[in-house]
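Residue numbers (UniProt numbering): 1 to 438.
Note sheet for the following structure.
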């Protein structure tokens, strides 16, 4: 392997190195080679702060985990232990408990515990080990929204796991009727999973309430539209006679579009005679753009009489503005390919698509708008800010370099408060940009 011109610690968009991927897939020989021969840095962490040991624990390879701990002294923390539980490899979990004296009743920073990890992956054998051998309780809550084991398992559609708890640990079945901090019941997540067997078990056998609404306005029905399952939708309509929630705060058509399910939207249109173009004042394409559903957006614009330059609210943002602000490259390319698309439109504060592209730190979008549509990089919003000011504020060195290279006058431009790009970079404490501008 000739690595003369290769950076062995090169990272992908997720911040992962080749060693991270090797550990993730449990390749012991390759991992040893990368570390011992190619001198890969074992201490590098990815965007989620996972190092080589974390990836190895999640991958479930016992030999690789032992190698990294024993040969390279990588610290074993509760986080690695929980990733080992997520791997479903019982032999690895027992090794960490018995040989490395890890405590399976520990909590992660957000309160996640081993039983929640087992529920997330649906590992029945791991759950039994946790409960019988380690004394873990099933009634604990954890995670950002304080969910219980049924929340985590229904979210991932683990029917067998849930059935096992119901049959073997009946004293915990009351948790099926408990809400998390978002007022969401396990049955909401069951509908979102699309697993019909699970939904019918919870409704017919466990008598779960299908009428409640969480804090975001989601019900069992609107959750079902996230699953994309036709069979589940037909079930709730024919057997359970549930309200389709067409015009509720969080409506079924909006959820279908946000989830990218064109076939579900068309089913709703036919079953309930919905006027797609006028529905909630033409909101559906905006959901498609917000959620980066390119195919769904194309379907809406090609088949219904939406105005491509329409604005959604008081911000006066068009579809293109939102796509640029979100950094959705494919949608920007699609919208700007349409002759009626106004690439020069401004929002209520005078922001253009250039400003918003800098806001999202998307160099590909900025380059496309400048080079294919000849947009002016010196244009200012109503606060006197040019794209370069926004780029300095957001800390994107690559965009600042591009703007200065293509518009040298931008270097000395001031906003309405007299601030230059350098001064804004200084206020934002963006040292790489400060060095470049100096």
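Note that beta-carbon positions come from the ideal geometry of N, C-alpha and C, so glycine has one too.
Values in this document were obtained by computation on a predicted structure and should not be read as measured data.
- In the structure shown, the three-state DSSP call for residue 147 is strand.
- With contacts defined as CB atoms closer than 9 angstroms, residue 358 and residue 329 fail to qualify as a contacting pair.
- Under the criterion of beta carbons closer than 8 angstroms, residue 126 and residue 166 do not qualify as touching, at roughly 18 angstroms.
- Runs of beta strand (DSSP E) with 3 or more residues, each lying fully within the segment 208–241, are absent.
- The Cβ atoms of residue 42 and residue 81 do not sit closer than 9 angstroms to each other.
- Residue 194 sits in coil when the DSSP states are folded into three classes, being neither helix nor strand.
- Contact between the segment 234–249 and the segment 210–226 is present, with at least three C-beta pairs closer than 8 angstroms.
- Spanning the alpha carbons of residue 21 and residue 50 requires a straight line of approximately 11 angstroms.
- Here residue 327 has 360 and 362 as same chain residues with Cβ atoms under 6 angstroms from its own Cβ, once five neighbours each way along the sequence are excluded.
- Taking every protein chain shown into account, the CB of residue 417 has fewer than 16 other CB atoms within 10 angstroms, so this residue is exposed.
- Secondary structure of residue 142 (DSSP, three-state): strand.
- For residue 206, the secondary structure class from DSSP, reduced to helix, strand or coil, is coil.
- With fewer than 16 other CB atoms across the displayed protein chains lying within 10 angstroms of its CB, residue 168 is exposed.
- Annotation for residue 315: no alpha helix (DSSP H) segment contains it, and DSSP assigns it neither H nor E.
- The DSSP-derived three-state label of residue 385 is coil.
- Distance from the CA atom of residue 155 to the CA atom of residue 275, rounded to whole angstroms, is 32 angstroms.
- Here residue 69 is near residue 53, since their CB atoms are less than 9 angstroms apart.
- In the DSSP assignment, residue 156 falls outside any alpha helix (DSSP H), carrying neither H nor E.
- In this structure residue 270 is exposed. Its beta-carbon is surrounded by fewer than 16 other beta-carbon atoms within 10 angstroms.
- Residue 89 is classed as buried because its beta carbon has at least 16 other beta carbons within 10 Å across all chains shown.
- DSSP places residue 99 in the coil class of the three-state scheme, outside both helix and strand.
- Taken through DSSP and simplified to helix, strand or coil, residue 112 comes out as coil.
- Counting other Cβ atoms within 10 Å of its Cβ, residue 289 reaches 16 or more and is therefore classed as buried.
- For a cut-off of 8 angstroms, the C-beta gap from residue 335 to residue 323 is around 6 angstroms, short enough to register as a contact.
- In this structure, the alpha-carbon of residue 202 lies about 27 angstroms from that of residue 87.
- DSSP, reduced to helix, strand and coil, places residue 341 outside both helices and strands of the structure shown, so it counts as coil.
- Here the alpha carbons of residue 222 and residue 180 stand approximately 18 angstroms from one another.
- Residue 375 is positioned such that its CB atom lies no closer than 9 angstroms to that of residue 410.
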